[in-house]
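Residues in the sequence shown are numbered from 0 upward in steps of one, following numbering that gives the first Met the number 0. By construction, the Cβ of each residue, glycine as well, lies at the ideal position given by its N, Cα and C atoms. If you're wondering where the values come from, they're calculated on a predicted model, not measured in any experiment.
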Amino acid sequence: MKKFMPIVFLLLSSLPLWAQRQAERPYWYSLERGKQLFRNRDYGNALIAFEDARRDRRDMYTRMKDAMIVVLSIPEVRRMGDSLELIEPYIVERYHINAAAAIEEVYYRVSKAAINGSANRVLEELDRLKAFPEAEYWIAETYRMEGELEVALVQYKKAHEQRAFLENPAFDTEILYKMVELLKIKEEYGEMETRAMEILAQDSLYAGPTTILSAMTRILTESGINRLLMIYRHNNTATERAYRLLGLHYYATEASRPEGYAADRLSPAAEHLMIAFLTQNTILVQELIRHQYDFAFSTLDALITDAYHNPLLVAYMADCEYFKTIYYFAAALYADGKPILGRRLWTLLSLHPEAGEWSKRSANQLRSPFMDKP
């Protein structure tokens, strides 16, 4: 009775041959080299390296597919139909090294269960695996740095379309943020909103039951800011920027609306800025607890004072536009028919010199409120 050599052993024994073929220009090496050139601002050569990485990956999977097709075209293999259960032992027995490597690569990238014993599925996946979203992203980054915004946007979209093949699935959020930034610059606000909402769709608070947001808004309206921050926490930092961006955009839309037109985006502006505000303060509270186990939130005023004793939190507050967020949250509340809440936040900012220009702007708003376009 014949003994079939395990496919993994066959692959290991053939590694020198396969490695020699790939050693000329591994796609991952070209990508890393491109990143180094990019960091050194050598954008021309970085672009070449990223395009090499994209081509090298495509060529690698093309060779794998061709190797599979050669084996599947053999008459005795054709009689086996689509069954990998029959084809794999044949590949091992006849030492079809490249076809074996192709199957193992698909099992690694896609999973054996997803292939469901189908040789045709292996071919389909090898075609799909030619996609290289990381390379598309870095090509986009390079074009953006060169000022070619239209081309960069096309590349970001390609990277997003290929997101299923990202090594780190969470990186899709960063790609969406890059698209949002470019669309904002190009003043293509409709698509900008759509892409930002794709980011928010990843957040349970946005995608979950509306009753939670309704309850938060009710607590805010009936009991005030401090009560809201005492009851609720939200620490999804990946979506905070999208909430903030959309909230500011909705408010700016209303601030630019000709007089006499009905407002319809003030409530969404206040809601989105409320979530950004809640997220930012959740991070402050959690970090203070981490350094002081008995810390407990009491008031927003005290929280700001405590946070300003921590250099890391001061840097975080600057990065997330903390005081700007509070200022426009107050502005959205005031314009949306909640002037008492808006004035309380402006008063708080006006008493905190750390808020810089937002402290001065708040003092001006207290004297004579107006819609201040972001």
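Ser117 has Ser82 as its beta-bridge partners, per DSSP.
By the neighbour-count definition (other C-beta atoms within 10 Å, threshold 16), Ser29 is a buried residue.
A straight-line Cα-Cα distance of about 7 Å links Asn235 and Thr278. In the pairwise beta carbon analysis, the stretch 223 to 232 is classified as not touching the stretch 186 to 198: fewer than three pairs are separated by under 8 Å.
Within a 10 Å sphere around the beta-carbon of Gln161 sit 16 or more other beta-carbons, which makes this residue buried. Of all alpha-carbon atoms in Ala66, Val109, Arg77, the one lying nearest the alpha-carbon of Tyr94 is that of Ala66. Collapsing the DSSP output to three states places Gln285 in a helix.
Note on geometry: alpha-carbon atoms of Ile282 and Ala206 lie some 21 Å from one another. Taking Ala306 as the centre and dropping the five residues before and after it, the same chain places the C-beta of Leu283, Leu312 closer than 6 Å to its C-beta, in chain order. In the three-state scheme derived from DSSP, where H, G and I count as helix and E and B as strand, Ser213 is classed as helix. Straight-line spacing of the CA atoms in Ala268 and Arg24 works out to 50 Å. Phe49 places its beta carbon 8 Å or farther from that of Ile174. Counting C-beta pairs with one atom in each stretch, the stretch 36 to 49 and the stretch 61 to 78 have fewer than three that are closer than 8 Å, which means they do not touch. Here Leu85 has Met79 as same chain residues with Cβ atoms under 6 Å from its own Cβ, once five neighbours each way along the sequence are excluded. For His159, the enclosing alpha helix (DSSP H) starts and ends at 148 to 160.
Counting only the Cα atoms, Thr238 lies some 6 Å from Leu199. Beyond the five residues adjoining it in sequence on each side, His159 comes within less than 6 Å, by CB distance, of Ile174 in the same chain, given in chain order.
Between the alpha carbons of Pro352 and Glu149 lies a gap of roughly 41 Å.
Counting other Cβ atoms within 10 Å of its Cβ, Asn280 reaches 16 or more and is therefore classed as buried.
Classified as buried, Arg56 has 16 or more neighbouring CB atoms from the shown chains inside 10 Å of its CB. Residue environment analysis places Glu75 among the exposed positions, since fewer than 16 neighbouring C-beta atoms fall within 10 angstroms of its C-beta. The beta-carbon separation of Arg108 and Leu128, rounded to 6 Å, stays under the 8 Å limit for a contact. Distance check between Ser361 and each of Ala130, Ala329, Ile339 places Ala329 closest, using alpha-carbon atoms only. Going by DSSP, Ser29 is part of the alpha helix (DSSP H) stretching over 26 to 38. Listed in chain order, the alpha helix (DSSP H) runs fully inside the stretch 280 to 324 are 299 to 306, 310 to 318, counting runs of at least 4 residues. In the three-state reduction of the DSSP assignment, Ser255 falls in the coil class, being assigned neither a helical nor a strand state.
Within a 10 Å sphere around the beta-carbon of Tyr292 sit fewer than 16 other beta-carbons, which makes this residue exposed.
According to the DSSP assignment, Ala163 belongs to no alpha helix (DSSP H), since it is labelled neither H nor E. In the three-state DSSP reduction, Val76 falls in the helix class (H, G or I).
Short of 6 Å from the beta carbon of Ala254, and not among the five residues preceding or following it, lie these beta carbons of its own chain, in chain order: Met370, Lys372. Rounded to the nearest whole angstrom, the C-alpha separation of Thr298 and Thr304 is 10 Å.
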